[in-house]
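Some notes on the structure that comes next.
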Ligand SMILES: Cc1cc2nc3c(=O)[nH]c(=O)nc-3n(C[C@H](O)[C@H](O)[C@H](O)COP(=O)(O)O)c2cc1C
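In this note's numbering, the protein residues as written are 37 to 473.
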């Protein structure tokens, strides 16, 4: 069965969604809005919902809504209004400490009954560095280096309690078997952490570990640690190459290909007919403000493109960035391959910031998902509704039943935890005290 994650943005993924009459930017600042979206995803039996995050005011708030809530806070609230759906929060390894995140994700996992997931990001933005005592962004390699040790420490902290450490024996007065709770005494280049953690081992052992950087270093990191990968791929051959590449890296870490789920993003714009879907796409694109897109593009490319003519080609921007390398490659590749002007490129990026946008009927969208899934380019999809809540309603009411009819997607949840939804094993505790012989 394929896996489906709903990637939730306040008004939807199209950059002009907040201006579209079908959205309500004021309501998008309320808990009610997100509760409705999470319940819709759950009605559609989706595996999870996901919230992205950055620790700076990103982009040009003059022309887009940036009413993002802090993901762990919002997902904790959504844990109370949902039962099955997985809850994936983004959190940065560059601007956090492992103890804090180990504790917060363990808390969300307990509060949600085993539905927490962590999208591990290294924070590519310059603006983010400036909010955390730095004048300059740490280099790409330095960020991944820290991320490596960070996740090791977090796993050790989650393993600092055996699953059965809390014995809660009221007659004897023993709450926890302290022989089964251990310090981790981690002493590395970035972190010195004694432990143990101040909360029991998570319900899932470890919350689901998700990763979303697709550079060389990012792919290697995913192969070592990730269980689900969000990725932006424009074409089927690119998607297939990425899929094979990441899965092919697992063996050297003693992992099998089914231990990682690859989920390319897709923003489906639906209509009863193809013409209606295309008209909807055009309606959204007509609301684009080029100045907004130009600034976003400049950030993605780490290069000021605001001073070039909109109807001319993308200037030479080099081939390397200390920011997000894979998105840089994707955007430059798209512009060069299709010989796009800057204006055309802005249109192509407006729907999904480099993720694939597909306008069509529910059957056409299902055909496309099926082709990628059966063609070995995806284990499932990161669904990015162009507008919210309507775009997710359409997907759940029109595409999900089509996938179910084809036997490609579940009709009921069969497990209770996020790991069970994704068909992933519960990690054993690597520090468990050995039973006496
Ligand atoms: C679907 C998706 C979602 C992402 N969400 C975030 C996010 O919420 N916060 C963030 O800082 N980076 C996010 N990223 C960016 C990646 O985590 C990563 O930092 C970026 O792709 C650069 O990594 P790379 O140089 O290995 O490609 C996302 C990427 C993808 C594909």
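From the three backbone atoms N, C-alpha and C, an ideal C-beta is built for every residue, glycine too.
Residue 348 versus 203, 367, 371, 331, residue with shortest Cα-Cα distance: Within the chain shown, numbered from 1, the residue matching residue 348 stands at position 312. Here the closest residue by C-alpha is 371.
Which value, in whole angstroms, describes the spacing of the CA atoms of residue 340 and residue 247? Translated into positions along the chain shown, residue 340 becomes position 304. Translated into positions along the chain shown, residue 247 becomes position 211. Near 28 Å, if we compare the C-alpha coordinates of residue 247 and residue 340.
I want to know whether the region 425 to 437 touches the region 100 to 120 - three or more CB-CB distances under 8 Å. no
At which residues does the alpha helix (DSSP H) containing residue 371 begin and terminate? Locating residue 371 in the chain shown gives position 335, counting from the first residue. Its alpha helix (DSSP H) spans residues 361 to 373.
Any beta strand (DSSP E) of 3 or more consecutive residues that is wholly inside the region 182 to 266: 202 to 205, 210 to 212, 244 to 247
Does the region 149 to 169 come into contact with the region 197 to 210, if we say contact requires no fewer than three beta-carbon pairs (one atom in each stretch) closer than 8 Å? no
Given this structure, state the Cα-to-Cα distance separating residue 314 from residue 398, to the nearest angstrom. Locating residue 314 in the chain shown gives position 278, where the first residue counts as 1. Locating residue 398 in the chain shown gives position 362, where the first residue counts as 1. Using only the alpha carbons, I get a separation of about 13 Å.
Starting from the Cα of residue 286, find the closest Cα among 317, 265, 411 and give me that residue. Along the chain shown, read from residue 1 onward, the residue named residue 286 stands at position 250. Taking only the C-alpha atoms, the option nearest residue 286 is 265.
Give the range of the alpha helix (DSSP H) segment to which residue 41 is assigned. Here residue 41 is taken as the residue at index 5 of the chain shown, counted from 1. From DSSP, residue 41 is part of no alpha helix (DSSP H) but of the beta strand (DSSP E) over 39 to 44.
Nearest-angstrom Cα distance between residue 290 and residue 441? One-based indexing of the chain shown puts residue 290 at position 254. One-based indexing of the chain shown puts residue 441 at position 405. Straight-line Cα distance between these residues: approximately 36 Å.
Following the continuous alpha helix (DSSP H) through residue 134, name the residue where it begins and the one where it ends. Working through the chain shown from its first residue, we reach residue 134 at position 98. Start and end: 134 to 147.
With a threshold of 8 Å, are at least 3 pairs of Cβ atoms found where one atom belongs to the region 325 to 339 and the other to the region 379 to 388? yes
Determine, using beta carbons only, whether residue 145 and residue 138 come nearer to each other than 7 Å. As a working note, residue 145 is residue 109 in the chain shown. As a working note, residue 138 is residue 102 in the chain shown. Cβ distance not < 7 Å, so residue 145 and residue 138 don't count as in contact.
Identify whether residue 345 lies in helix, strand or coil by the three-state DSSP scheme. The sequence position of residue 345 within the chain shown is 309, counting from 1. Looking at residue 345 - three-state DSSP - the assignment turns out to be coil, as it is neither helix nor strand.
Is the region 37 to 55 touching the region 405 to 423 in the sense that three or more CB pairs, one from each, lie closer than 8 Å? yes
Under the criterion of a Cβ to heavy atom distance below 6 Å, does residue 160 qualify as lining ligand 1? Numbered from its first residue, the chain shown carries residue 160 at position 124. The answer is yes for residue 160.
When you compare each of 403, 368, 39 to residue 492 by their alpha carbons, which one comes out closest? Since the first residue of the chain shown is 37 and the last is 473, residue 492 is not available in this structure.
Where do the ends of the alpha helix (DSSP H) carrying residue 71 lie? In the chain shown, residue 71 corresponds to position 35, counting from 1. Counting along the chain, the alpha helix (DSSP H) containing residue 71 begins and ends at 67 to 79.
Hey, how far is the Cα of residue 239 from the Cα of residue 149? Numbered from its first residue, the chain shown carries residue 239 at position 203. Numbered from its first residue, the chain shown carries residue 149 at position 113. Their Cα atoms are separated by approximately 7 Å.
Flag this pair as touching only if the region 61 to 72 and the region 102 to 114 have three or more C-beta atom pairs under 8 Å; answer yes or no. yes
On the three-state DSSP scale, how would you describe residue 292? Indexing the chain shown from 1 puts residue 292 at position 256. Of the three classes helix, strand and coil, the one that applies to residue 292 here is coil, per DSSP.
Would you say the beta carbon of residue 407 comes nearer than 6 Å to a heavy atom of ligand 1? What you label residue 407 is simply residue 371 of the chain shown in a count that begins at 1. No, ligand 1 has no heavy atom inside 6 Å of this Cβ.
Using 8 Å for Cβ pairs, my map puts residue 305 next to residue 317. What's the rounded Cβ distance? Indexing the chain shown from 1 puts residue 305 at position 269. Indexing the chain shown from 1 puts residue 317 at position 281. Between residue 317 and residue 305 the Cβ distance is about 5 Å, and since that is below 8 Å, they are a contact.
Determine, using beta carbons only, whether residue 38 and residue 409 come nearer to each other than 7 Å. One-based indexing of the chain shown puts residue 38 at position 2. One-based indexing of the chain shown puts residue 409 at position 373. Yes, the pair counts as a contact, with Cβ atoms nearer than the cut-off.
What residue range is occupied by the uninterrupted beta strand (DSSP E) comprising residue 282? Counting from one through the chain shown, the residue named residue 282 turns up at place 246. Not the beta strand (DSSP E): residue 282 falls in the alpha helix (DSSP H), residues 272 to 284.
On the criterion of 16 or more Cβ atoms from any shown chain inside 10 Å, does residue 86 qualify as buried, or is it exposed? Looking up residue 86 in the chain shown gives position 50. Classification for residue 86: buried.
Would you list the residues sitting across from residue 318 in a DSSP beta bridge? One-based indexing of the chain shown puts residue 318 at position 282. In DSSP, residue 318 forms no bridge with anything.
CB of residue 227 within 7 Å of CB of residue 184, strictly: Within the chain shown, numbered from 1, the residue matching residue 227 stands at position 191. Within the chain shown, numbered from 1, the residue matching residue 184 stands at position 148. Cβ distance not < 7 Å, so residue 227 and residue 184 don't count as in contact.
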